[in-house]
Amino acid sequence: MRIIGFVAFLVIAAFLLVVPAGMRPFGEPRLWEMDRYFLEHAQEELAANNVCTAIVFDYRGYDTLGEATVLFTAVVAVAAILRRLKEKEIEGGEPPHV
Amino acid sequence: MSKLVRTIGWLLYGPIIIFGFYIIMHGHITPGGGFQGGAVVASGFALLIVAYGAKGAGLKERLFSVVESGGALIFVGLAFLGLGATFFYNFLAAGGGVIFNEFVPQGPNPGDLNTAGTLPLMNWAVGLKVLAGLGSIVLLLALFPQEEGE
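Protein chains in written order, with my numbering: chain A, 1 to 98; chain C, 99 to 248.
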């Protein structure tokens, strides 16, 4: 068991050491067409100085909608666990008629 | 909490709220935006709850619920209003609407609050949603153990 852990440690450590050696230099990504489009067109198309906000709320609005849904779900979960229950709700009433 | 904490909390609450709303309002010009500013405002609520207790802070769950649902509805409604072109189309930007419709020059410029179309409105919607959501989470967590003890 201990040998398996040691081998796993070696493999992961080698992976983490080898991968950064092959990384591209900073500022030269492999796929740059979309980044370039956002940077060059955000001010012209959306009149937005802040390109990050332009991406978050316009180009990738669906993503932000999902994030807002995640937050809403978290609030609903907390409210469902921590809400104040009445006596009747704790004991459980009759099942609903279908 | 002690009188010291209550006094400092009372002093800092206003500046924290104002700074959070400033971050929300300038989301399309400076770093920040709805999520970040909403989190700052919610931290102000957390400070109030720490200093005065869950009941004494004067925060209403009902109001939080209404504000969060309203923010979400405004956000989705603005997305649907762009449906003439596509979902989430920015129909107000660059001279298209009556507000936030100024143009900006290409490249570095000092920035103008009256730009970027629906982005500031969506920042406000998301900001209200986040501040109400995080505020209600903090309030519910603070209210819970007190009722166990009673």
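All residues carry an ideal CB built from backbone N, CA and C; glycine is no exception.
None of these values were measured; they are calculated from a predicted model.
If you draw a 10 Å sphere on the C-beta of C/E166, you find 16 or more other C-beta atoms in it, and that means buried.
Using beta-carbon distances, A/D35 does not count as an interface residue toward chain C, since no partner is under 8 Å. Along the length of the region 28–55 of chain A, whole beta strand (DSSP E) runs at least 3 residues long do not occur. Under the 8 Å criterion on CB atoms, A/G66 is classed as non-interfacial with respect to chain C.
Per the Cβ contact rule, the region 198–214 of chain C is not in contact with the region 229–239 of chain C (fewer than 3 Cβ pairs under 8 Å).
Residue-level contact by beta carbon fails for A/L39 and chain C, as no gap is shorter than 8 Å. 8 Å or more divides the Cβ of C/G142 from the Cβ of C/I121. Counting along the chain, C/Q134 sits inside the alpha helix (DSSP H) bounded by residues 132–154. With a 10 Å radius around the Cβ and a threshold of 16 neighbouring Cβ atoms, A/T73 comes out exposed. Annotation for A/A77: the continuous alpha helix (DSSP H) segment containing it runs 61–82. In the structure shown, C/T213 adopts extended strand secondary structure according to DSSP, grouped into three states. The straight-line gap separating the alpha-carbon atoms of A/M34 and A/H41 is approximately 10 Å. Interface with chain C (8 Å Cβ-Cβ cutoff): A/T53 is included.
For C/A191, the closest C-alpha among the options C/N207, C/A183, C/A214, C/I235 is that of C/A214.
Of the candidates C/T105, C/M99, C/G125, the residue whose Cα lies closest to the Cα of C/L211 is C/G125. Sequence-ordered contacts of the region 132–162 of chain C with chain A are nonexistent [C-beta pairs closer than 7 Å]. The beta-carbon of C/L226 is placed no less than 8 Å from the nearest beta-carbon of chain A. Residue nearest to C/F186 within the set C/V164, C/I197, C/L217, C/E159 is C/L217 (criterion: CA-CA distance).
One alpha carbon belongs to A/L16, the other to A/D63, and they sit about 30 Å apart.
Minimum Cα-Cα distance from A/L82 among the listed residues C/N188, C/V164, C/S234, C/G118 corresponds to C/S234.
C/G169 sits away from C/V103, with the two beta carbons spaced by 8 Å or more. Nearest CB-CB separation between A/V78 and chain C: below the 8 Å threshold. Counted as a single uninterrupted DSSP element, the stretch harbouring C/Y187 is not any alpha helix (DSSP H), since DSSP gives it neither H nor E. Neighbourhood of A/V7 in chain C, by CB distance below 7 Å: empty, with the nearest CB roughly 42 Å away.
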